[in-house]
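First up is the structure itself, then whatever we jot down about it.
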Amino acid sequence: DNMHAALATMPKAELHLHIEGTLEPELAFKLARRNDVALPWRTIDELRAQYRFENLQSFLDLYYALTKTLRTADDFHDLMLAYLARAARDGVMHAEIFFDPQVHVFSNGVPYDTVLDGLLEGLRAGRKRYGVTGGLMLSLVRDMSVESADRILDMAEPRRGEILGIGLDSAEAGYPPSMFVDQFARARSFGWHAVAHAGEEGPADYIRQALDLLHAERIDHGIHILDDPELQARVVRDRIPLTCCPLSNLRLQVVHDMRKHPVPQMVRDGIVCTINSDDPAYFGGYVAANYAALADAGMSLDGLAALAGNSIDASFADERRWMRMH
Ligand code: ADE
Ligand code: ZN
Numbered sequence: 005d006n007m008h009a010a011l012a013t014m015p016k017a018e019l020h021l022h023i024e025g026t027l028e029p030e031l032a033f034k035l036a037r038r039n040d041v042a043l044p045w046r047t048i049d050e051l052r053a054q055y056r057f058e059n060l061q062s063f064l065d066l067y068y069a070l071t072k073t074l075r076t077a078d079d080f081h082d083l084m085l086a087y088l089a090r091a092a093r094d095g096v097m098h099a100e101i102f103f104d105p106q107v108h109v110f111s112n113g114v115p116y117d118t119v120l121d122g123l124l125e126g127l128r129a130g131r132k133r134y135g136v137t138g139g140l141m142l143s144l145v146r147d148m149s150v151e152s153a154d155r156i157l158d159m160a161e162p163r164r165g166e167i168l169g170i171g172l173d174s175a176e177a178g179y180p181p182s183m184f185v186d187q188f189a190r191a192r193s194f195g196w197h198a199v200a201h202a203g204e205e206g207p208a209d210y211i212r213q214a215l216d217l218l219h220a221e222r223i224d225h226g227i228h229i230l231d232d233p234e235l236q237a238r239v240v241r242d243r244i245p246l247t248c249c250p251l252s253n254l255r256l257q258v259v260h261d262m263r264k265h266p267v268p269q270m271v272r273d274g275i276v277c278t279i280n281s282d283d284p285a286y287f288g289g290y291v292a293a294n295y296a297a298l299a300d301a302g303m304s305l306d307g308l309a310a311l312a313g314n315s316i317d318a319s320f321a322d323e324r325r326w327m328r329m330h
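Under the UniProt record's numbering, the first residue of the sequence shown carries the number 5, and numbering increases by one thereafter.
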């Protein structure tokens with residue numbers, strides 16, 4: 005309808021998006037065939053039946069299993085271009101996109117340069133075709149070893165100028181940001197921006213650690229900030245953006261009812277929130293569907309337009325690009 009059309013045409017940035025989380029079942033099957041990778045599901049419907057998640061870990065198990073279909077630079081290129089086509093239709097002008105190289109390199113045996121070449125070529129093609137700008141955020145997988153994080157940074161260092169920033173993702177509880185102080189310091193010394201997932205399933209204190217110890221410029225998810233009023237006051241005062249993902253929270257049972265999603269309350273409290281899709285192939289919709297879910301739960305069009313404006317302001321786009329997006 006009109007509301008949803010308006011939400012899809014609002015200029016916006018997407019700041020919390022895992023490229024592996026855009027792998028649709030159809031593309032996964034196509035890549036599996038192309039690369040002769042065996043999947044444990046015979047049909048797309050059989051695969052689709054797996055998309056009911058109890059929590060973050062049950063989702064991650066499927067997400068990592070399907071990364072095994074990504075083998076060549078062309079695969080990563082096709083994945084990226086498919087995402088950018090979809091994002092452009094949702095009004096995304098700029099995207100800062102996570103990838104999990106430790107998984108591709110150490111779990112799946114794909115060379116780092118293959119992954120990077122494919123994703124960057126996809127970004128270039130998407131910019132040319134759809135006008136979407138953006139960059140890559142190298143995300144450390146917190147439940148793989150700290151040593152493997154060091155090794156992936158060794159591989160990334162010679163081409164550090166081709167990466168926009170560092171992130172921290174995967175299973176959160178039991179893997180506090182304090183484990184990655186040295187890796188984030190090193191990444192920042194490369195000239196990279198820093199962000200981290202914190203307060204999704206983990207406690208508010210992980211948000212504090214991400215700010216104090218990792219010097220994160222944005223917090224991914226961060227919805228458990230509501231448990232800690234003092235930290236909340238700091239995030240408001242310092243205008244630290246949170247990258248919220250409503251459909252992700254619902255599907256991973258972090259939130260049980262969209263009408264109880266904390267975004268409207270966080271906005272009333274003065275927190276700088278942005279709306280993002282996280283892993284849209286898994287959670288039932290791309291970024292405009294996340295805006296629409298909040299609209300259906302009662303948020304106003306003006307309120308959602310302000311969040312779209314926040315996403316552009318919270319991006320790492322340079323001033324020239326920022327001017328063109330506003
Ligand atoms: N990797 C992909 N999506 C994620 C999420 N929502 N939280 C943590 N790690 C992730
Ligand atoms: Zn995420």
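Glycine is no exception: its CB is placed at the ideal position from the N, C-alpha and C atoms.
Because the structure is a prediction, the values reported are computed rather than measured.
Query: Buried or exposed (CB count within 10 angstroms, at least 16 for buried), residue 146; Result: buried
Query: Straight-line gap, residue 321 to residue 330 (C-alpha atoms, nearest Å); Result: 12 Å
Query: Environment of residue 132 [buried if 16+ CB atoms lie within 10 Å]; Result: exposed
Query: Bridge-paired residues (DSSP) for residue 143; Result: 171
Query: Beta strand (DSSP E) segment containing residue 163, residue limits; Result: Neither: residue 163 is in no beta strand (DSSP E) and is coded neither H nor E.
Query: Bridge partners - residue 17, DSSP secondary structure assignment; Result: 98
Query: DSSP state of residue 4 mapped onto helix, strand, coil; Result: Since the first and last residues shown for the chain are 5 and 330, residue 4 lies out of range.
Query: Distance cut-off 7 Å: residue 18 Cβ against heavy atoms of the ligand ADE; Result: no
Query: Through-space distance from residue 61 to residue 120, alpha-carbon basis; Result: 26 Å
Query: Length of the line joining the Cα atoms of residue 293 and residue 82; Result: 23 Å
Query: Per-residue DSSP class, three states only, for residue 279; Result: strand
Query: Residue 198 beta carbon less than 8 Å from that of residue 191; Result: yes
Query: Cβ-Cβ distance between residue 221 and residue 204 below 8 Å; Result: no
Query: Which residues DSSP lists as bridging residue 331, in chain order; Result: In the structure as shown, the chain begins at 5 and stops at 330. Residue 331 is therefore absent and cannot be evaluated.
Query: Same chain only: Cβ atoms within 6 Å of residue 11, ignoring 5 sequence neighbours per side; Result: 292, 295, 296
Query: Spatial neighbours of residue 155 in its chain, beta-carbon cut-off 7 Å, leaving aside the 5 residues before and after; Result: none
Query: Where the alpha helix (DSSP H) through residue 193 begins and ends; Result: 185-193
Query: Whole-angstrom distance between residue 161 and residue 104, CA atom to CA atom; Result: 16 Å
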